[in-house]
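For the sequence shown, the positions run -13 to 128 when my numbering is used. Data block below; observations after.
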Amino acid sequence: MRSFAREQRQSYTRAEDAFWQQVRGGRFHGLKFRRQVPIPPYIADFLCASARLIVELDGEPHETEARRQRDAWLTSQGFTVLRFPNELVLSNLDLVLDRLAEAVATKTSQSSPLPPLRGREMRGADRSSSDQVAPTHGGPHP
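In structure tokens form, the structure reads like this:
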């Protein structure tokens, strides 16, 4: 599994690359993200271990039973799973990062809130239904 994850880190989609450039090396609020991380029996696209947060970027917009089972298992292990379509990452990365910041703030609500990213405006006031991405964490979403 580790060698497969290592191979996956070498070949990634444009959406994964765009997202990675924003979160790598503590660029996103100082949080450490890793990519293609084995969490047996699965491999997470992106993991922020300190927030127990997994980000999955999906090429296909429809939810499958396998994804539901995977997300349910990861949630049962204490992770919050956020899924974003590749298309949304490529067309509105700011919205994806805003949703990620909201999820991190929710996970770390007992500590101080995250400061806004410099130069980043809130975007997506006119969000279409295809832009609505909800965390799959078992509990109700605010």
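C-beta atoms are modelled at their ideal positions from N, C-alpha and C, and glycine is treated no differently. Small disclaimer: the values here were computed from a predicted structure and weren't measured.
Looking only at its own chain, which residues have a Cβ that is under 7 Å from the Cβ of SER62, when we skip the five neighbours before and after it?
Residue 62 sits at position 76 when you count from the first residue of the sequence shown. Counting only Cβ-Cβ distances below 7 Å, and skipping sequence neighbours, we find nothing.
Kindly give me the distance between the Cβ atoms of ALA4 and VAL75, rounded to whole angstroms, as I take these residues to be in contact under 8 Å.
As a working mapping, residue 4 is identified with position 18 in the sequence shown. As a working mapping, residue 75 is identified with position 89 in the sequence shown. Yes, ALA4 and VAL75 are in contact; Cβ-Cβ is about 6 Å, under 8 Å.
What are the uninterrupted segments assigned as alpha helix (DSSP H) that are 4 or more residues long and contained completely in the region 70 to 95, given in chain order?
72 to 77 and 79 to 93
For the beta strand (DSSP E) that contains ALA30, what are its first and last residues?
Numbered from its first residue, the sequence shown carries residue 30 at position 44. Start and end: 28 to 34.
Report yes or no: do three or more beta-carbon pairs, one from the region 79 to 94 and one from the region 12 to 19, lie closer than 8 Å?
yes
ARG10 versus GLU51 - alpha carbon distance:
By one-based count along the sequence shown, residue 10 stands at place 24. By one-based count along the sequence shown, residue 51 stands at place 65. Cα-Cα distance, rounded: 30 Å.
Report the three-state DSSP secondary structure of ARG10 (helix, strand or coil).
Position 24 of the sequence shown, counting from 1, holds the residue named residue 10. ARG10: helix per DSSP, three-state reduction.
What does the alpha-carbon distance come out to for the pair GLU46 and TRP59?
Against the sequence shown, residue 46 aligns to sequence position 60. Against the sequence shown, residue 59 aligns to sequence position 73. Distance between the alpha carbons of GLU46 and TRP59: 21 Å.
From LYS93, THR92 and ARG53, pick the residue whose C-alpha is nearest to that of ALA30; which is it?
As a first step, residue 30 must be located in the sequence shown, where it is residue number 44. Of the listed residues, the one whose Cα sits closest to ALA30 is ARG53.
When the Cα of LYS18 is compared with those of PRO26, PRO24, VAL82 and TRP6, which residue comes out closest?
The residue you call residue 18 lines up with position 32 of the sequence shown. Of the candidates PRO26, PRO24, VAL82 and TRP6, the one whose C-alpha sits nearest the C-alpha of LYS18 is TRP6.
Can you give me the C-alpha to C-alpha distance between THR92 and ARG38, rounded to a whole angstrom?
To locate residue 92, count along the sequence shown from 1; it is residue 106. To locate residue 38, count along the sequence shown from 1; it is residue 52. Using only the alpha carbons, I get a separation of about 12 Å.
Three-way DSSP call (helix, strand, coil) for ARG106 in this model
In the sequence shown, counting from the first residue as 1, residue 106 sits at position 120. Annotation note: pLDDT 46 at ARG106 (below 50); position unreliable, no value reported.
Measuring only the C-alpha atoms, how far is GLN64 from PRO71?
Taking the first residue of the sequence shown as position 1, residue 64 is located at position 78. Taking the first residue of the sequence shown as position 1, residue 71 is located at position 85. Reading off the sequence, residue 64 comes out as Gly, not Gln. Roughly 23 Å between the two C-alpha positions.
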